[in-house]
Structure formats: C-alpha cells, structure tokens
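Visitor: Take this structure first; my questions come after.
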Amino acid sequence: MAKKYSQFTVGENRSLSDQSGFFSLTNCDVHGDLGVLSNNLALATESSTPNEDCISEILSNGDTFYFSTTSGKIWKRTNAGVYSLVHTNANGAHKGCKLWQGYLYYATQSKLGRITEAFASSQASWSSQVDTWNTFITAGAYKPMFTIGSGLYIGDGKNVYLVDSTHTFIVDALDLPSQFTISSIDGVSDDLLIGTIIGANVPWCKIFLWNRISPSWTGEDVVPEVGINAFLKIDNMYVFQAGTSGQFYYWNGNQAIKFKKAKGVTTTVNSYNTTQYKGRGLIAIGTKIYSLHRVDGDFPWALVCEYTHSGTIKSIIASVSDVFVSGGAVVGHIGATYATTVIETPEADTSSHVDSNGNEVPFNYVVIPYRSVGTVGIEVKIDNGSYVSQTVVDDTTRKEVRTATTFGYANTVQARVTLTGLSTIKTVNIV
Amino acid sequence: MNTIEYNLVPGGQKGQMSYEERLDKAKEYIKMLEDDGRIIVSTEFLSNKVIIITED
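This is the structure:
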C-alpha cells in the first residue's frame, strides 16, 4: 500500500493524481547526482544596478551588456562582476540585442544601433556607438534576434530583416501575412523558425519555417495558443513555449507537437527568458526558472524548477559558471547559500483500503530517507483538503525523517516537504 | 558609407507582398530615411532589390 516517490529525474508530473514524477519541485537539483534530490544554491541579488528590467547579451570576453526594456540605459557587467552605466540610448526602451560578426547590435522600437565588440568593452562611457545605424519600418514592434548561417535575423512586425556577414542591412528579407507579428525566432539546422502572435485575444498563431533563400517560407503550422513566446536552447531539440498556460511544443521538422506543460502558469513568457546553463535548457516563467533537461538519453525530459527569483523575470543569461537574472529591477545570480527546497508529491491513493486479511489499512507516516539533512518540514494534505504541518522525528540511526503521528483512514494523502539548509534525500515515502 | 538593401523579390501566393507592393514600400523606406536626416548618396533600383547607399 505504501507509495514511494523517488523518480526525481522524471521531474514535475502532469496533474495532482499523476503518479509519475512530483506535483512540484522548487529550487531542486535532481540532475547533479542521479537518484537523489538536493537543494540548489539560491539566487541572490548581485547588483541593484541595473535598476530597470533588462535584456542582455554576453560578449566573447565574458562581458555582459544589459539593455533596459523601460528606458535607453545600457549597463556593462564585466566578467569580474563590476557593473557600470555605459550609455543612454536616446531612442528609448530596448526591444532586442545580439552579438554578430564583431558588433553588438541593439534595437529600439524604430532603430537598430550597434557598436564594435571591442569598443563596447573598452570604453567606460561609450562614444563609438551608432544608436541609429538603421531604421525599422514597424515602430513599436518587438525585435527578436537570432544568428544563423551568415546573418543576424531580426523580427519586426510581420517582416524579417537581415544583417548579412558584410553588415549590409537587408530590409524585408521575408514578409509574412500582415495579421502576424513576429514574437520569437530560432534556428533548425540552417533554417529559420519564426514564431508569431496575432493578438492577445486570438487563441491561435502560426510557426513558420524558412530556408532563408526562398522568397517565401517553406513550412508552417498552426499552434492553438495565443502566441509563441520563446524558444528553448536545448541540444538536438527545437522546443518552444507558447500561450499563457505553460505549454511547451517541439518542432518535428514539419509540425509543432505538444511536449510538456508547466502547471499553474497563467501568463505569457518573455522571449529572452531562455538560456542554457551547464547543458541544461532553462526557461524563466514568472519568478521561477525551470530546467527542461535529461542527463541520459534513456531518461524522460524532466521539467524542474531549479531557481526562484525575487521578482518577475524579464531575461536570463548564463555564463560558464553562473546564471544572471534580470527582473524586479535587480540582477540576481547564483549565490552562496542554499535555497529552501519544496517538494510536493502527487496525491497518494491505494488500489484498496482493505488488505488481504480484510483489515482496514490506514495511511500512517511520511518517511524521508536521506544521505544528509538540514531542517526538514513536512506538511500533509488529507483527501485534497489543506496542508497541515506535522511534527517530525529525525531518526539519525536509520537516517530518515518521518512524521510523528499517524493520519488514520483516508482516501488520499499528499505530502509537501520543505528542506532548509543543504539536504540530500533519497525518496519521499507515504506509508 | 552604409549599404542598405531593400528586397524586392515577392513571395508566393501566401498573402505576401507583391513586387509592386515591395517597390512602393522600398520608396517609402527611402523617404523614411530622408525624413530621419540620413543623407542618401545613391539609390540603385535593380529587378530584385534596391541598393541604398547612405553617407553615414
């Protein structure tokens, strides 16, 4: 009758009653040491400047530039972690940024600016930038950027622009039907995947595939979501997040196929909210940063909340050993103290409440075997009621934490476990 | 000098702009650049694109 929840590498499940995976995993590391779960290090504020939400791009030398999405301010973060305001763009808030062929390009609502990579880093206060290097037709539209093949491709309303390898600006390299606005772009091999939105009140959109040579796109599929928000950076998979309910899709070469879903999501996701850190594809939704990852090809793809930020996240970007998060008017990064980890099991039920001898079988305890443990809190929800905090016993001989009193007869039991301080647990058992 | 190319190659029958629409848009774009204060050194209308050279 006991339920053993130990498949941490499966990640979050699909519903409260889905027994494969966990109802929620917050601030967890499930991929570092397979078979166990540990706290991740918590995000901490690295700098209160930039004090505006930003999108960002990292240069070859590790310097990162933050472009405000609410004003024209541009900050530099040196690879050593020193922040400074380097420029204020008179053309207003930024809509996109990308490094391409020795230049750092950045877009405002109607202008494409740029500065050489060398000057961007070397000038303490920029003087060599050209904020109005070129002009977009669709003022106000978002400007997602992606580099592929020999070009930097930029979405602008229904149009795709190209900055080629010689830095020639090519206007209207591709145009889509006028009802579509390009919301995000990515690559498939050397083709371009173009995500769109029609409008916040239209429950469908399209994704387009373009080989970058033909005068028209070469494939398309309807996606039954409000818009395509962001492409994830995952090796050998073309995954994107769409709509306002946390749905993920992947591109199979011809069509967008449903893939995963982050439960409880009710909002759209910013295009710059994806990055890849230590091989894990990360996506920020609201204040949470999820990984979509599997360590081994035989494992299922696991969706796990790895980090939580103090504010709503505007963008994330990774370096070799850190993740930088812009949101809530601060920049956060992976700090030095362990996060509080929260694990919710599915609701455990039994195939029968009567054993083979005809005796009624109660739910008795939540038992958590561990390798090492800080402070463990256990709450229990009986028959989908409300969580009730439990008195716990740490049995250091058996190396397990368990609840002190039995629950009695119930239809379902769900456990919520809180790990404070570094803990490594092996399973959550409901017996 | 800054080179801008306006693509005139129309798409297929997919709701995209025709050649004539693209040509009109290209002319509007040149006007937009002039309104921005960009000094246009030359414009060359080819069958597949307009090449615009600006002074900046």
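Quick note, the sequences are listed as chains A and B, same order. Counting from 29, one number per residue, gives the positions in the first sequence under the numbering used here. Counting from 38, one number per residue, gives the positions in the second sequence under the numbering used here. Glycine is no exception: its CB is placed at the ideal position from the N, C-alpha and C atoms.
Which whole-angstrom value is the C-beta distance of ILE262/A and GLY309/A, which I expect to be below 8 Å?
Guide: 4 Å
Visitor: Would you say LYS100/B lies against chain A (beta-carbon separation less than 9 Å)?
Guide: Look at the range of chain B in this structure, 38 to 93, and you will see that residue 100/B is not part of it.
Visitor: Classify THR419/A as helix, strand or coil using the three-state DSSP reduction.
Guide: coil
Visitor: How far does the beta strand (DSSP E) with LEU113/A in it extend, from its first residue to its last?
Guide: 111 to 116
Visitor: Starting from the beta carbon of ALA201/A, find every residue of chain B whose beta carbon is closer than 8 Å, and list them in chain order.
Guide: ASN44
Visitor: When the cut-off is 9 Å and only beta carbons count, does LYS64/B lie next to chain A?
Guide: It does not; no Cβ of chain A falls within 9 Å.
Visitor: Please state whether the Cβ-Cβ distance between ILE165/A and VAL188/A is less than 9 Å.
Guide: no
Visitor: Can you give me, in chain order, the residues of the segment 320 to 354 of chain A that have a beta carbon less than 8 Å from any beta carbon in chain B?
Guide: Listed by position along the chain: nothing, the set is empty.
Visitor: Quick check on THR194/A - is its C-beta less than 9 Å from some C-beta in chain B?
Guide: Chain B, which has a Cβ nearer than 9 Å to the Cβ of THR194/A, makes this yes.
Visitor: Compute the Euclidean distance between the alpha carbons of SER55/B and ASP200/A, then round it to the nearest angstrom.
Guide: 12 Å
Visitor: Under 8 Å by Cβ, that's how I've got GLY314/A and THR296/A pegged, so tell me the actual separation to the nearest angstrom.
Guide: The Cβ separation is near 10 Å, so there is no contact.
Visitor: Listing by chain order, which chain A residues have their CB less than 7 Å from the CB of THR40/B?
Guide: THR196
Visitor: If we define contact as Cβ-Cβ less than 9 Å, is ILE226/A a contact residue for chain B?
Guide: no
Visitor: Under 9 Å between the Cβ atoms of PHE259/A and GLY307/A?
Guide: No Cβ-Cβ contact shorter than 9 Å links PHE259/A with GLY307/A.
Visitor: Between ASP192/A, SER193/A, THR446/A and LYS139/A, which lies nearest to SER168/A when the distance is taken from Cα to Cα?
Guide: In the sequence as displayed, the identity of residue 168/A is Gly instead of Ser. Checking every option, the nearest Cα to that of GLY168/A belongs to LYS139/A.
Visitor: THR97/A to ASN117/A, Cα distance in whole Å?
Guide: 11 Å
Visitor: Along the chain, where does the beta strand (DSSP E) that runs through ASP203/A open and close?
Guide: ASP203/A -> beta strand (DSSP E) spans 197 to 203.
Visitor: Counting along the chain, where does the beta strand (DSSP E) carrying ILE396/A start and finish?
Guide: For ILE396/A, the enclosing beta strand (DSSP E) has its first and last residue at 394 to 400.
Visitor: Label MET38/B either buried or exposed according to how many other C-beta atoms from any shown protein chain fall within 10 Å of its C-beta, with 16 as the threshold for buried.
Guide: Result: exposed.
Visitor: In the structure shown, what three-state DSSP assignment does LEU44/A receive?
Guide: coil
Visitor: Does the Cβ-Cβ distance between THR194/A and THR91/B come in under 9 Å?
Guide: No.
Visitor: For the segment 351 to 365 of chain A against the segment 55 to 75 of chain A, are there 3 or more C-beta pairs whose distance is under 8 Å?
Guide: yes
Visitor: Opposite VAL429/A in the DSSP bridges: which residues?
Guide: ILE396/A and ASP422/A
Visitor: Determine the extent of the beta strand (DSSP E) in which TYR56/B is found, giving its start and end residues.
Guide: Element bounds for TYR56/B: not the beta strand (DSSP E) but the alpha helix (DSSP H), 56 to 72.
Visitor: Give the range of the alpha helix (DSSP H) segment to which ALA148/A is assigned.
Guide: 145 to 150
Visitor: 9 Å is my cut-off, CB to CB: does THR12/A come that close to chain B?
Guide: Not covered by the structure: residue 12/A. The range shown for chain A is 29 to 459.
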